[in-house]
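Trainee:
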Amino acid sequence: MDRETLKTFVKAAAQTYREAMLGDFSGHTHVKKAFRMEGSYWKSGSIYTFIMSSDGYVLFHGADPSREGIIALDLEDSYGVKIIRRLIDAATTGGGYVEYHYNDPTVEGDEAFGSPKLTYAEGFHLPDRDQLFILCAGIYLESATAD
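Heads up, the sequence shown is in our numbering, so the first residue is 512 and it goes up one at a time.
(1) Let's see if you can read the secondary structure: which residues bound the alpha helix (DSSP H) around lysine 628?
(2) Please confirm whether any heavy atom of the ligand FAD lies closer than 7 Å to the CB of valine 609.
(3) Quick one: which unbroken beta strand (DSSP E) runs of 3-plus residues sit fully inside the stretch 526-572? Chain order, please.
(4) On a Cα-Cα basis, can you pick out the residue from Ala583, Arg597, Asp513, Gly605 that is closest to glycine 634?
(5) What would DSSP say about valine 521, mapped onto helix, strand or coil?
(6) At which residues does the alpha helix (DSSP H) containing alanine 601 begin and terminate?
(7) Identify whether glutamate 653 lies in helix, strand or coil by the three-state DSSP scheme.
(8) Where does histidine 515 fall in DSSP's three states?
(9) Report the rounded CA-to-CA distance for histidine 572 versus cysteine 647, giving the unit in angstroms.
(10) Count the other CB atoms within 10 Å of the CB of leucine 637; is the residue buried (16 or more) or exposed (fewer)?
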């Protein structure tokens, strides 16, 4: 997946999630299930979505549900990059890319320092809510260049 395909993917996922949130609770449940299903359009190997609020509260994590329900605002990579703060900044300025290092779920042994990752962050609002929601997905750069 290249940068533009990643951006298109994130924008489509954000629209899908937003539409599900406008419906009843079952729509929200179904979209989260679809976003988490391995091999689906929304999740494949190291490509997955995650959703947070603009205060850094993780609402959904497609690869690791244990990350949900926490405020991850101060999450840093092994090089000191404030990952969540940079993603929020990118989303609040119309959407954008952030590079950092993160554990690739398909790579054994990168837990300490992570693998280079490029993530696109897209912000969106729901009617009657001031809170900005941010949907993100990323590609690991070493595997992206192999495609």
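Glycine included, each C-beta is placed from N, C-alpha and C at the ideal position.
Mentor: Reading off the structure:
(1) Where lysine 628 is concerned, there is no enclosing alpha helix (DSSP H), although the beta strand (DSSP E) it sits in stretches over 626-635.
(2) The ligand FAD is not among the ligands present in this structure, which contains no ligands whatsoever.
(3) 560-564, 569-572
(4) Gly605
(5) helix
(6) 594-603
(7) helix
(8) The amino acid occupying residue 515 in the given sequence is glutamate; histidine does not appear at that position. In the structure shown, glutamate 515 sits in a helix (DSSP, three-state: H, G or I).
(9) 10 Å
(10) exposed
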